[in-house]
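Protein chains in written order, with this note's numbering: chain A, 4 to 98; chain B, 62 to 554.
Structural data, given as structure tokens:
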């Protein structure tokens, strides 16, 4: 499978990365090189093979559903580019 | 007075315990060495000398009161991927501009709890994506090693290039690093240092910026095998904050050193004799086999038939997980924000300006393989191939193989700005051809220096072990180290 410029632009939109026409052209050839490389996997017969979900066999750890941390709003917004009274500020979303 | 920066962690520990030196003296020696070297090597992206001196003073007090920890007063460098409270943590990316977390990663907290001293944050490939440390927003790191009679700058490998360079140049006693496809072992091999990627789940991933969550593991890069054993003992823990942290006690790895490998079965995988393997690498491998044979190990030929599919499967799984993990960098919660005409445009402009070319490439691949209609063909298939790769290892271990010996890298360190690798991303990816299988199967792997190339550059061998059998790797790597000797770069900086 290979991608064209329109697909590159669609994927860039999904990934929320602005790309210029030139960048899209470059990415098209780079992505096709990588997709060409991974095409080798077509040789492998994976019928009746379970996909890996965990590399180490272990049961998912569980704990009691209770508050163990919190009340750190100021710490959480401390690195925000824009915040106000412990809220993150973003450009207006709804007119 | 002897140069204090020439001491290994084990040697410095002994002198500190005997009160022959103080932690402040040792730390000051490293701070001076960094001042003299970092302009040339670019190994550190942030320095914390005040904090280091304060920590060293506290360590001296601990030694005076008899409460010294396992790493008390040992000055370390920390890869920029580890969250460090109120200290520069940017994964060497522009998008995390100015980020100083209000938390400490579990691994670094473990080190501080054992008395270690932080010298600063180390350069790396952006978000650990790279094999040459050239994708860093802070520019490339130089390898302290140069070819005989040459003044051409070489890469230290990546992504933990700052860690490897700093350890090899003696501007930290040891360093933390992380490994997703070879990012500890390849730079260790390129710089004549020791690097171990422990079993997945051995070191907590909490507080470490995530690249590919099912593959990422932290580990140390050090000057010798003993130091790696000492550091891993402190870094590893059982951590309730990481659900993939495994509930097993951390053994005393250092105690494994000096043990005999007599009667051990060492597997030599046929599939690692790849076409066009550099004859020097082949010879190094044969030498390693001979050393282990001489030490009484039994050498057995093994087959890991799905080896060649590990790298292509990795370049589906790792970008897919990365595209998801890096979705959080959007100009809202931390780091860079580039204004846009609306919120979506702000996200897109921020991520366009904040991520470098390699990171964008991988996010794009990851987004594509996870997008509607392609999930089964790519991601699901790769996860099935991963099951086969893991099964290959399980089969040879079930047949009684104790550890597997392979080359660490297909070549010695290459030049900064290598044209062939720049032109073709896949060529760069092939650096990880011997290391990536280990991450795909979650196994421990150690790179140990084994010799020099004909041009005088370090070359390494890799040992792969059973899950949570790091002790066998330390014991066996120590045997190779004893036979090969240690290698130190000639100072030019």
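Heads up, the beta-carbon is just placed ideally off N, CA and C, and yes, glycines get one too.
Spatial distance of residue i from residue j (CA atoms)
i, j, result
"residue 88 of chain A", "residue 535 of chain B", "52 Å"
"residue 247 of chain B", "residue 219 of chain B", "7 Å"
"residue 249 of chain B", "residue 289 of chain B", "11 Å"
"residue 423 of chain B", "residue 335 of chain B", "26 Å"
"residue 188 of chain B", "residue 272 of chain B", "6 Å"
"residue 86 of chain A", "residue 285 of chain B", "47 Å"
"residue 501 of chain B", "residue 127 of chain B", "44 Å"
"residue 175 of chain B", "residue 66 of chain B", "20 Å"
"residue 148 of chain B", "residue 390 of chain B", "19 Å"
"residue 22 of chain A", "residue 232 of chain B", "40 Å"
"residue 62 of chain B", "residue 351 of chain B", "Here the model assigns residue 62 of chain B a pLDDT of 47, short of 50, so the residue's position is not dependable, and the following value carries that caveat. Distance between the alpha carbons of residue 62 of chain B and residue 351 of chain B is about 40 Å."
"residue 120 of chain B", "residue 454 of chain B", "44 Å"
"residue 78 of chain B", "residue 124 of chain B", "7 Å"
"residue 258 of chain B", "residue 504 of chain B", "8 Å"
"residue 409 of chain B", "residue 384 of chain B", "14 Å"
"residue 256 of chain B", "residue 533 of chain B", "15 Å"
"residue 69 of chain B", "residue 28 of chain A", "50 Å"
"residue 4 of chain A", "residue 43 of chain A", "12 Å"
"residue 98 of chain B", "residue 554 of chain B", "6 Å"
"residue 69 of chain A", "residue 388 of chain B", "28 Å"
"residue 496 of chain B", "residue 322 of chain B", "23 Å"
"residue 539 of chain B", "residue 48 of chain A", "40 Å"
"residue 281 of chain B", "residue 8 of chain A", "42 Å"
"residue 75 of chain B", "residue 88 of chain B", "15 Å"
"residue 226 of chain B", "residue 213 of chain B", "16 Å"
"residue 228 of chain B", "residue 283 of chain B", "6 Å"
"residue 64 of chain B", "residue 72 of chain B", "12 Å"
"residue 487 of chain B", "residue 36 of chain A", "7 Å"
"residue 295 of chain B", "residue 313 of chain B", "10 Å"
"residue 180 of chain B", "residue 433 of chain B", "46 Å"
"residue 131 of chain B", "residue 110 of chain B", "22 Å"
"residue 403 of chain B", "residue 395 of chain B", "18 Å"
"residue 11 of chain A", "residue 30 of chain A", "7 Å"
Inter-residue CB distance, residue i and residue j (contact presumed, cutoff 8 Å)
i, j, result
"residue 498 of chain B", "residue 371 of chain B", "4 Å"
"residue 466 of chain B", "residue 363 of chain B", "That belief does not hold up - the Cβ atoms of residue 466 of chain B and residue 363 of chain B are roughly 10 Å apart, past 8 Å."
"residue 215 of chain B", "residue 177 of chain B", "The Cβ separation is near 29 Å, so there is no contact."
"residue 346 of chain B", "residue 522 of chain B", "7 Å"
"residue 528 of chain B", "residue 305 of chain B", "Their Cβ separation, rounded to whole angstroms, is 13 Å, which puts residue 528 of chain B and residue 305 of chain B out of contact at 8 Å."
"residue 426 of chain B", "residue 201 of chain B", "Contact doesn't hold; Cβ gap of about 23 Å is too wide."
"residue 489 of chain B", "residue 192 of chain B", "5 Å"
"residue 414 of chain B", "residue 399 of chain B", "5 Å"
"residue 511 of chain B", "residue 349 of chain B", "6 Å"
"residue 524 of chain B", "residue 473 of chain B", "That pair is no contact at about 19 Å."
"residue 6 of chain A", "residue 436 of chain B", "With a Cβ gap of about 16 Å, residue 6 of chain A and residue 436 of chain B do not count as contacting."
"residue 253 of chain B", "residue 206 of chain B", "7 Å"
One or two residues paired with residue i in a DSSP bridge
i, result
"residue 87 of chain A", "A:90"
"residue 359 of chain B", "B:326"
"residue 523 of chain B", "B:467, B:508"
"residue 551 of chain B", "None; residue 551 of chain B has no bridge partner."
"residue 240 of chain B", "B:278"
"residue 105 of chain B", "B:183"
"residue 140 of chain B", "B:183"
"residue 513 of chain B", "B:519"
"residue 11 of chain B", "Because chain B is modelled from 62 through 554, residue 11 of chain B falls outside the range shown and cannot be assessed."
"residue 392 of chain B", "Residue 392 of chain B is not bridged to any residue."
Within chain A, the residues that residue i reaches when beta carbons sit closer than 8 Å
i, result
"residue 272 of chain B", "Within 8 Å Cβ-Cβ: nothing; residue 272 of chain B doesn't reach chain A, min ~15 Å."
Under 9 Å by beta carbon: chain A residues contacting residue i
i, result
"residue 163 of chain B", "75, 77, 78, 79, 81, 82"
"residue 410 of chain B", "21"
"residue 394 of chain B", "79, 80, 82, 83, 84, 91"
"residue 262 of chain B", "58, 59, 61"
beta-carbon residue i near the ligand HEM non-hydrogen atom, thresh 7 Å
i, result
"residue 282 of chain B", "Ligands in the displayed structure: none, and consequently the ligand HEM is not present."
Neighbour list for residue i in chain B, Cβ cutoff strictly below 7 Å
i, result
"residue 64 of chain A", "304"
"residue 88 of chain A", "In chain order: nothing, as chain B lies at least about 16 Å away."
"residue 67 of chain A", "None at all; the shortest Cβ gap to chain B is about 12 Å."
Amino acids of chain B, ordered along the chain, whose beta-carbon sits closer than 9 Å to that of residue i
i, result
"residue 31 of chain A", "Those do not exist, as residue 31 of chain A stays about 10 Å from chain B at its closest Cβ, beyond 9 Å."
Interface residues of chain B facing residue i [CB-CB closer than 8 Å]
i, result
"residue 8 of chain A", "By Cβ distance, chain B contributes nothing, its closest Cβ being about 13 Å from residue 8 of chain A, past 8 Å."
Cross-chain neighbours of residue i in chain D, by beta carbon under 7 Å
i, result
"residue 15 of chain A", "This model lacks chain D altogether, as its protein chains are A and B."
Beta-carbon neighbours of residue i, restricted to chain A and to distances below 7 Å
i, result
"residue 428 of chain B", "14, 17, 18"
Discussion item. Any contact between the stretch 435-449 of chain B and the stretch 44-56 of chain A? By contact I mean 3 or more CB pairs, one from each, below 8 Å.
Written reply: Segments in contact, yes.
Worksheet item: Within the chosen definition, does the stretch 544-551 of chain B reach the stretch 77-96 of chain B through at least 3 CB pairs nearer than 8 Å?
Response: They do not touch, by the three-pair rule.
Discussion item. For the stretch 190-207 of chain B against the stretch 102-113 of chain B, do three or more pairs of beta-carbon atoms, one drawn from each stretch, fall closer than 8 Å, so that the two count as touching?
Written reply: Yes, the stretch 190-207 of chain B touches the stretch 102-113 of chain B.
Discussion item. So, does the stretch 220-231 of chain B touch the stretch 406-421 of chain B, judging by three or more C-beta pairs under 8 Å?
Written reply: Judged by Cβ distances under 8 Å, the stretch 220-231 of chain B makes no contact with the stretch 406-421 of chain B, as fewer than three pairs qualify.
Practice prompt. Spell out a yes or no on whether the stretch 374-392 of chain B and the stretch 274-281 of chain B are touching, meaning 3 or more CB-CB pairs, one atom from each, closer than 8 Å.
Written response: With a cut-off of 8 Å, the stretch 274-281 of chain B and the stretch 374-392 of chain B count as touching, because enough Cβ pairs lie within range.
Fill in: Inter-stretch contact at 8 Å, needing at least 3 Cβ pairs: the stretch 150-165 of chain B / the stretch 226-242 of chain B
Between the stretch 150-165 of chain B and the stretch 226-242 of chain B there are fewer than three inter-stretch CB-CB distances shorter than 8 Å, so the stretches are not counted as touching.
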